[in-house]
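Quick mapping for you: the protein sequence lines, in order, are chains A and B.
Under the numbering used here, the first residue of the first sequence is numbered 1035, with each subsequent residue one higher.
Under the numbering used here, the first residue of the second sequence is numbered 4, with each subsequent residue one higher.
Where is the CB? At the ideal position from N, CA and C, for every residue including glycine.
On a predicted model such as this, the values are computed, not experimentally measured, just so you know.
Heads up, the thing below is written out as structure tokens.
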Amino acid sequence: MKKITIFIVLILPFLSFAQETDTDTENNTVFSQFLNNLSGNLETNAQWYTNDSKLGEFEDPIAEFDLRDEQVRVNSYLRLDYNFLKNFSVGLQAESYEPLPLINYYPEYNDTQIATYYANFRNKTLDVTAGYFYEQFGSGVLLRAFEERQLGLNTVLRGGRIKYTPTDYLDVTALYGQQRVAFDVSESDIFGFDANFDISKVIEIKGVNRLNLGLSYVGKKEDFTPPVDEFDPSYEFDTTDFPEMINSYSARLDVDFGNVYFKTEYALKGEDVSFIPPALPGTGVIEGKYFDGNALIFTAGYSKKGLGISSTFRRLENMVSTAERNAKDISSLEFQFNMQNLNYLPTLTKQQDYSLANIYIYNVQPGLFLQNFGGQAGEIGNIVDVFYNFKKGSTLGGKYGTKFTANFAYWALLDAEFDQAESTYSAEFLKFGKRLNRDFNFEVRKKLSKNWSSIFTYINSIVDKGVALGGNLGTDGDIKSQVAIVDVTHKLDSGKSIRMEAQHLWTKQDRKNWVGGTIEYVANRRLAFYVSDIYDYGNDNEFSTETKAHYYNVGGSYTKGATRIALNYGRQRGGLLCVGGVCRIVPENTGLTLNLSTSF
Amino acid sequence: MKQFFYLLVLLLSINITAQETLPSAEIKTLDGTSTSLQELGKNNDIIVISLWATWCVPCKNELDAINDVYTDWQDETGVKVYAVSVDDSRTVSRVKPLVNGKAWDFEILLDTNNDLKRELGAATVPLTLIIKNGKIVYRHSGYTPGAEDELFEEIKKHS
């Protein structure tokens, strides 16, 4: 607690400086010039984990930590950028996880260090970076280096990158790097090349607004030391044809006819090893057989004023790609924490906003697991979104208009046959295997009067038990659920408002029915408070380890200029936590949370 | 931990002024043309930037509210609103149909790998900026009902 107090004291002076827009009196010294070119931001997330009468004493879920029961933990990020001589910039990001990272974070985040740094030169045609850089090729199916602080993901590359844009219809990128892994980098080398041609800028095609072709290459080189068979140390692993170098390619095409548009991407991932679960005999990897992967994404859309429709079909076969091959092993800590992913394969279902809508959700299944379960090779499915605006004055539109959204998603395992004795498999191209997810979402936004507005949501979903709760896929049955949510906002005078949210979830499986509610009071645009609770009142599972529990939360936030402080106390529901399409199972916990962010 | 505090104290000891230079991160228009806040700031007198996402309820509330009064704002001040989506490739294909479905009149930009979001240090969305003559003169994160009126007061102050 002492540490938090110190922190707050340290932070308070920031508030007075953070948004001093009054720069008239500024004297034009070298120092103030320096400050003018300096910008940065700070984010701190602190948590004090408390013991809970219902959940028990606080205990870190990872046994490895010496100080595992440390109850106060602070994650901080400080980023600084400095621009000079018109075309140059340098910067760094310092990170601190003290005394330990928040629970749910990869345990190697346990220090205070300068985590990333860069130097960059940029003019109209050239953009050169040395140091750490973020990048994404196409939709990220082969390469995406990105940061997601909420999950402790940072796959930034350390090396060098050149982007060259000689004309307005062509740009090329070449890069080399090693992927960041906590405060270290991966023991593999990543090479990348990407080119985009804007064909519609070269030749004019009637009716075509945009025609864009993209080509990518990603190579990964990692040395291989043959593993030793524990039970037969004299056995020699046959390294003939072992894929130390993996070459992957992708091509994509975007066509836009105005109202109608198409986007497609196909990727071919080079041959890589497949792992054997630790319970089975052998050296951990399948010997002598290596497997390539592929991905196909196709989006079609139609939109005009007041109406939008988008549909995305995606098929992923053996597409898990990691900076070091060991991170592909599902028994590794890296796999469990989604660390070292080289590509980005988001779950394509609707990203849910409300707490009860986030309990039984789907998680993408792109990997090949030949020897695990009954074998699985990837996923196939489709997502459709419809947006419609009922005009003001129409029957359904009323005085203010009505906004309607519908979403449908269906995902299944690839239909494939596995020969586990021979370590081979064959997957059908366009055939759906066992269903893993099917959901409908409807949302209606309606302004009722000058001061009342509302959002109604209905969700009907079926998700495989193994996906939602962890376990074998396609064998343990489904969880069928329905969720209804009413969210009403009432605007009061002088910036005050009150928002009320009522939620209900119906299901006969797992923890049965849930009910939930939130009340939020906005005192002014700077200060807001809320209280919320969700409760599995229907839970009558006699043998359930999870008994009925209220997951209550109460908190407030204060925002001034570029600074925001939020304080929250409550009990968090465990389960699948998904941020930006990446999901991880997190434990339940109770405690006090402080979030602070500011920029200057 | 200690080093970090020293760094903080150092920062506090120098009287920090608001960010002057505009972020140089590359963002794209819906038809794929590259631009940046620096360029937008250069070519326009006064603009409003709103960082939003298709999955963010308060963001959509804010843009819906601004859209209702956008014509009046433009008539009075000539302000231009740019809505920069931070949707990544999971949800970016929903941006165009959503914008059309909602009949928004803003210029839409994409920050698909969140380069701009990182450079601005936007821990949360929505984040709203007013840029005047190439400088950020106002910054606010979060949206509360009615906040669009105060935003307009700020715009009028600077126009």
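Own chain, CB closer than 6 Å to residue i, minus 5 neighbours either side, in chain order
{"i": "L1330 of chain A", "result": "Y1300, R1349"}
{"i": "K1525 of chain A", "result": "N1485, S1531"}
{"i": "D152 of chain B", "result": "none"}
{"i": "S1591 of chain A", "result": "A1562, A1600"}
{"i": "N1441 of chain A", "result": "K1384, D1419, N1475"}
{"i": "Y1585 of chain A", "result": "I1568, R1605, R1607"}
{"i": "T1059 of chain A", "result": "Because the pLDDT at T1059 of chain A is just 44, under 50, the model does not fix this residue reliably, and the value given afterwards should be weighed accordingly. Answer for T1059 of chain A: no residue qualifies."}
{"i": "T131 of chain B", "result": "S53, H143"}
{"i": "Y1131 of chain A", "result": "N1109, Y1143, N1144"}
{"i": "D1263 of chain A", "result": "Y1269, T1317"}
Supposed contact pair residue j and residue i - C-beta distance, whole angstroms, cut 8 Å
{"i": "Y1569 of chain A", "j": "E1554 of chain A", "result": "That belief does not hold up - the Cβ atoms of Y1569 of chain A and E1554 of chain A are roughly 18 Å apart, past 8 Å."}
{"i": "Y1203 of chain A", "j": "D1232 of chain A", "result": "4 Å"}
{"i": "N1372 of chain A", "j": "L1187 of chain A", "result": "6 Å"}
{"i": "D1521 of chain A", "j": "S1488 of chain A", "result": "7 Å"}
Span separating the alpha-carbon of residue i from that of residue j
{"i": "A56 of chain B", "j": "S88 of chain B", "result": "5 Å"}
{"i": "G124 of chain B", "j": "S1460 of chain A", "result": "46 Å"}
{"i": "S1268 of chain A", "j": "P1312 of chain A", "result": "20 Å"}
{"i": "N47 of chain B", "j": "T1084 of chain A", "result": "52 Å"}
{"i": "L1044 of chain A", "j": "E1368 of chain A", "result": "Any answer about L1044 of chain A is weak, because its pLDDT of 45 lies below 50 and its placement is not dependable; what the coordinates show is given next. Taking the straight line joining both Cα atoms gives about 35 Å."}
{"i": "N1154 of chain A", "j": "F1217 of chain A", "result": "22 Å"}
{"i": "K160 of chain B", "j": "R1560 of chain A", "result": "19 Å"}
{"i": "S1087 of chain A", "j": "A1583 of chain A", "result": "11 Å"}
{"i": "K1254 of chain A", "j": "T1436 of chain A", "result": "51 Å"}
{"i": "S1030 of chain A", "j": "S1528 of chain A", "result": "In the structure displayed, chain A extends from 1035 to 1634; residue 1030 of chain A sits before or after that span and is not available."}
{"i": "N1602 of chain A", "j": "K138 of chain B", "result": "34 Å"}
{"i": "V1636 of chain A", "j": "N1138 of chain A", "result": "With chain A running from 1035 to 1634 in the structure shown, residue 1636 of chain A is simply not present."}
{"i": "T1150 of chain A", "j": "E1169 of chain A", "result": "14 Å"}
{"i": "D1266 of chain A", "j": "L1136 of chain A", "result": "42 Å"}
{"i": "A1536 of chain A", "j": "N1629 of chain A", "result": "26 Å"}
{"i": "T1552 of chain A", "j": "G1572 of chain A", "result": "19 Å"}
{"i": "F1296 of chain A", "j": "E1413 of chain A", "result": "22 Å"}
{"i": "E122 of chain B", "j": "L1209 of chain A", "result": "21 Å"}
{"i": "N1506 of chain A", "j": "V1319 of chain A", "result": "21 Å"}
{"i": "R1545 of chain A", "j": "K1468 of chain A", "result": "24 Å"}
{"i": "L1321 of chain A", "j": "F1463 of chain A", "result": "Note that residue 1321 of chain A is Glu in the sequence shown, not Leu. Distance between the alpha carbons of E1321 of chain A and F1463 of chain A is about 26 Å."}
{"i": "E1351 of chain A", "j": "V1307 of chain A", "result": "14 Å"}
{"i": "L1076 of chain A", "j": "L1112 of chain A", "result": "4 Å"}
{"i": "G149 of chain B", "j": "V60 of chain B", "result": "15 Å"}
{"i": "Y1251 of chain A", "j": "E29 of chain B", "result": "22 Å"}
{"i": "D114 of chain B", "j": "S39 of chain B", "result": "10 Å"}
Contacts around residue i, its chain only, beta-carbon distance under 7 Å, and the 5 residues preceding and following it disregarded
{"i": "D108 of chain B", "result": "N70, Y73"}
{"i": "F1276 of chain A", "result": "F1258"}
{"i": "T1057 of chain A", "result": "With a pLDDT of 44 at T1057 of chain A, under the threshold of 50, the modelled position of this residue cannot be trusted; read the value that follows with caution. Answer for T1057 of chain A: no residue qualifies."}
Nearest residue (CA-CA) to residue i, options the options
{"i": "K83 of chain B", "options": "B:A150, B:E110, B:S144", "result": "B:E110"}
{"i": "N1117 of chain A", "options": "A:D1521, A:S1130, A:Q1067", "result": "A:Q1067"}
{"i": "A1164 of chain A", "options": "A:G1316, A:L1314, A:V1190", "result": "A:V1190"}
{"i": "T127 of chain B", "options": "A:A1149, A:V1175, A:P1200, A:T1078", "result": "A:T1078"}
{"i": "F1476 of chain A", "options": "A:D1512, A:V1517, A:D1453, A:T1146", "result": "A:V1517"}
{"i": "V98 of chain B", "options": "A:V1620, A:V1106, A:T1333", "result": "A:T1333"}
{"i": "K1594 of chain A", "options": "B:Y146, B:F155, B:S162", "result": "B:Y146"}
{"i": "S1495 of chain A", "options": "A:S1483, A:I1489, A:S1487, A:K1514", "result": "A:K1514"}
{"i": "A1285 of chain A", "options": "A:I1310, A:L1247, A:P1260, A:G1292", "result": "A:L1247"}
{"i": "Y1394 of chain A", "options": "A:L1470, A:G1401, A:E1456", "result": "A:L1470"}
{"i": "F1347 of chain A", "options": "A:L1209, A:Y1444, A:V1242", "result": "A:Y1444"}
{"i": "Y1378 of chain A", "options": "A:G1090, A:F1171, A:N1360", "result": "A:F1171"}
{"i": "N1406 of chain A", "options": "A:F1309, A:L1076, A:R1156", "result": "A:F1309"}
{"i": "L1119 of chain A", "options": "A:N1070, A:P1400, A:I1489", "result": "A:N1070"}
{"i": "C1612 of chain A", "options": "A:L1341, A:Y1388, A:N1243, A:N1109", "result": "A:Y1388"}
{"i": "L101 of chain B", "options": "A:I1493, A:V1398, A:A1361, A:K1339", "result": "A:K1339"}
{"i": "G1504 of chain A", "options": "A:S1566, A:C1617, A:K1426, A:V1588", "result": "A:C1617"}
{"i": "V1556 of chain A", "options": "A:R1533, A:V1549, A:G1550", "result": "A:R1533"}
{"i": "C62 of chain B", "options": "B:T115, B:Q41, B:D90, B:S39", "result": "B:D90"}
{"i": "L1382 of chain A", "options": "A:D1473, A:S1428, A:L1314, A:D1449", "result": "A:D1473"}
Residues of its chain near residue i, where Cβ-Cβ distance is below 8 Å and the 5 sequence neighbours each way are ignored
{"i": "I158 of chain B", "result": "I49, V51, W76, T80, V82, I133"}
{"i": "D1205 of chain A", "result": "K1197, Y1198, T1199, A1229, N1230"}
{"i": "T94 of chain B", "result": "A56, T57, W58"}
{"i": "D1115 of chain A", "result": "L1072, S1073, G1074, S1123, V1124, G1125"}
Residue i beta carbon near the ligand NAD (any heavy atom closer than 7 Å)
{"i": "K1338 of chain A", "result": "Summarising the ligand content, the structure contains no ligands, and the ligand NAD is consequently not present."}
Assess contact between the region 1346-1355 of chain A and the region 1496-1515 of chain A, defined as three or more Cβ pairs (one per stretch) separated by less than 8 Å. Is contact present?
no
The region 1292-1308 of chain A touching the region 1321-1330 of chain A, judged by at least three CB pairs closer than 8 Å
yes
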